[in-house]
Amino acid sequence: MPNFTRPQPPVFERVEEERLHRKQRLAAAFRLFARFGFSEGTAGHITARDPEFTDHFWVNPLGKYFGHIRVSDLILVDREGEVVKGNAPVNRAAFAIHSQVHEARPDIVAAAHAHSLHGKSWSSLGRLLDPLTQDACAFYQDHALFDDYKGVVLDTSEGKRIAESLGDKKAVILRNHGFLTVGQTVDEAAFWYISFERSAQAQLLAEAAGKPLPIDHETATFTHNQVGTHSGGWFSFQPLYDRIVGEEPNLLE
């Protein structure tokens with residue numbers, strides 16, 4: 540069998556190229572979230588740290604449908620919550636949560652949150668996901684629970700507590716609210732969200748049908764190291780990116 544060297548995230552020489560790349564991935568992630576049915580009214584946001592002004596992030600404008608977002612629609616928000624590029628307001632909850640997550644995790648580039656059906660259903664249980672499937676093992680001992688719902692997050696102090704609950708993990712369940720995932724690339728954060736949502740769906744279906752058999756600790760840990768890596772999350776997003784750009788190329792405008 541021939542050897543296969545898996546592609547790795549690109550490295551850029553110019554900050555302008557890296558910024559455009561992140562924005563293109565971000566716009567594609569919103570289009571994909573719309574395709575997966577993760578859009579609900581004005582709720583939900585994905586952010587990408589600017590590669591030059593690292594305390595600023597790019598995010599979707601408030602009230603813009605995920606499925607219509609283009610690169611040119613994205614807005615840049617500073618550490619005070621002011622829009623410094625773009626002509627639309629920022630979602631206050633997006634700033635309250637994401638600003639604190641980005642500040643607490645300098646290792647991450649992106650964070651994703653939406654009010655997807657199975658994510659918010661699972662969040663009402665106040666439990667972590669079990670390692671029921673190979674895909675769910677990507678999150679084994681690598682996600683947390685924020686067990687303190689207080690309404691819509693409009694204050695950075697609550698965003699800070701969410702960031703503290705997340706810790707060094709890739710995902711956090713916000714009780715009675717939904718999911719949030721992070722990554723070293725936009726691609727990774729977006730794919731982890733999609734996979735986390737579908738893993739929750741799988742567990743909800745399995746528990747509704749009977750008593751599922753979890754994967755044992757040793758095997759789940761081994762599998763996590765196989766499927767839960769940063770590069771693995773990035774690579775898993777590439778077919779989705781190719782599909783959405785091929786079908787909706789205007790997202791790059």
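Just so we're on the same page, this note's numbering is the position in the sequence shown counted from 1, plus 539.
The beta-carbon is built from N, C-alpha and C at its ideal position, and this holds for glycine as well.
- A Cβ-Cβ separation of about 7 Å places Pro549 in contact with His560 under the 8 Å criterion.
- Proximity to Pro600 across Asp589, Asp646, Gly583 and Thr768 peaks at Gly583, based on C-alpha coordinates.
- Rounded to whole angstroms, Lys750 and Ser660 show a C-alpha spacing of 19 Å.
- Straight through space, the alpha carbons of Trp597 and Gly625 are spaced by roughly 10 Å.
- Nearest Cα to Ile783 within the set Arg558, Arg564 and Thr724: Arg564.
- Inclusion of Ala635 and Glu697 in the CB contact set at 8 Å is warranted, their separation being smaller than that value.
- Pro778 and Leu719 have their C-alpha atoms some 22 Å from each other.
- Following the DSSP letters along the chain, one finds Thr758 inside the alpha helix (DSSP H) bounded by residues His756 to Val766.
- DSSP lists Phe685 and Gly717 as the bridge partner or partners of Leu713.
- For the pair Gln742 and Ala675, the Cα-to-Cα distance works out to about 9 Å.
- Asn715 is the residue among Glu621, Val629 and Asn715 whose C-alpha sits nearest the C-alpha of His657.
- The Cβ atoms of Tyr604 and Ala567 lie no closer than 8 Å to each other.
- Judged by pairs of C-beta atoms under 8 Å, the segment 631–646 touches the segment 689–705, as three or more such pairs exist.
- The three-state reading of DSSP puts Arg545 in coil, since its state is none of H, G, I, E or B.
- Contact between Ile647 and Gln723 holds, since their C-beta atoms are separated by about 6 Å, short of 8 Å.
- In this structure, DSSP gives Val616 an extended state, which the three-state scheme calls strand.
- Counting only the Cα atoms, Leu667 lies some 33 Å from Leu615.
- According to the DSSP assignment, His584 belongs to the beta strand (DSSP E) that extends over His584 to Arg588.
- Residue environment: Gly785 is assigned as exposed (fewer than 16 neighbouring CB atoms within 10 Å of its CB, all protein chains considered).
- Between the beta-carbon of Ser655 and that of Phe685 there is about 16 Å, and that puts the pair past the 8 Å contact cut.
- A straight-line Cα-Cα distance of about 9 Å links Gln673 and Ile754.
- Every alpha helix (DSSP H) stretch that sits fully inside the segment 610–681 and reaches 4 residues is listed by chain position as 631–643 and 656–662.
- Nearest C-alpha to Leu791 among Phe569, Asp589 and His652: Phe569.
- Gly620 and His595 have their alpha carbons spaced roughly 9 Å apart.
- Beta-bridge analysis with DSSP links Phe575 to no other residue.
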